[in-house]
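K.L.:
Have a look at the structure that comes next, please.
In UniProt numbering, the protein residues as written are 1 to 236.
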């Protein structure tokens, strides 16, 4: 494997067309489709465990350590906070819909080149913002179909999120339509994020230097213990 998604975006974000970004999203969603077809939940989807294989020009989902049957719940929450579905933060069981929420966050990361909530500290306040409906600001110029699909994926109601087969069908059609859309084949993303500031650079997260934080039930409105990890890396 040549790079994870976070590293790939860090190196290539300024040159990626929308056609290329949609292809990346398609590969990741297709990989999750095969996981869900086995009635399995990944439980820990984020850009650090999505890997690029240059030889096949394809993307794969890795780090299946928390993968498990959909009918076998975990007793604790462990994950990268910006990608964790709000219902999971509230102590409900992981479902395949929780993975779909994570896909929505990854789609935003693909569209912007930045990790979701990169300019926020990963703490209790951020967890509560996610629970209360806060989502990353969508960049101007994001294709409307992509934007709508992303919003559906991170819907606060898990029942309103698309099933993986529906999601795959829609992103595949979007990708195929790119070939007939000259604008999407050539259009680069506007990288001017209004809320970016250099002092926030150390708030980025990746796989290089892992740390964990434990939240107990008196810290969040759920039962049991939540293990939330984060890792840091440098900005562009």
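Beta carbons are placed, not taken as given, at the ideal position from N, Cα and C, and that holds for glycine.
(1) Does DSSP classify residue 3 as helix, strand or coil?
(2) Which residues does DSSP list as the beta-bridge partners of residue 53?
(3) Please state if the CB of residue 24 and the CB of residue 5 are separated by a distance shorter than 9 Å.
(4) With a CB to CB cut of under 6 Å and the five nearest residues on each side skipped, what residues in its chain are close to residue 33?
(5) To the nearest angstrom, report how far apart residue 127 and residue 53 are at their CA atoms.
(6) If you reduce the DSSP assignment to three classes, tell me which class residue 91 lands in.
(7) Give the DSSP-derived three-state secondary structure of residue 197 in the structure shown.
(8) So, does the segment 90–97 touch the segment 8–27, judging by three or more C-beta pairs under 8 Å?
(9) Less than 9 Å between the beta carbons of residue 161 and residue 100, yes or no?
(10) If I follow the unbroken alpha helix (DSSP H) through residue 104, where does it start and stop?
(11) In this structure, does DSSP put residue 138 in helix, strand or coil?
P.N.:
Walking through what the data contain:
(1) Three-state DSSP puts residue 3 in a strand.
(2) In the DSSP output, where bridge partners are listed per residue, residue 53 has 58.
(3) Taking 9 Å as the Cβ cut-off, residue 5 and residue 24 qualify as a contacting pair.
(4) Cβ neighbours of residue 33 within its own chain (closer than 6 Å, five residues either side excluded): 164, 168.
(5) One C-alpha to the other measures close to 33 Å.
(6) Correct three-state label for residue 91: coil.
(7) Note that residue 197 has pLDDT 34, beneath the 50 cutoff, so the model's placement of it is unreliable and the number below is only indicative. Assignment of residue 197 by DSSP, reduced to helix, strand and coil, places it in the coil class.
(8) These segments do not touch.
(9) Going by beta carbons, residue 161 and residue 100 fall inside the 9 Å limit.
(10) Per DSSP, the unbroken alpha helix (DSSP H) holding residue 104 starts and ends at 96–112.
(11) Residue state, collapsed to three classes: coil.
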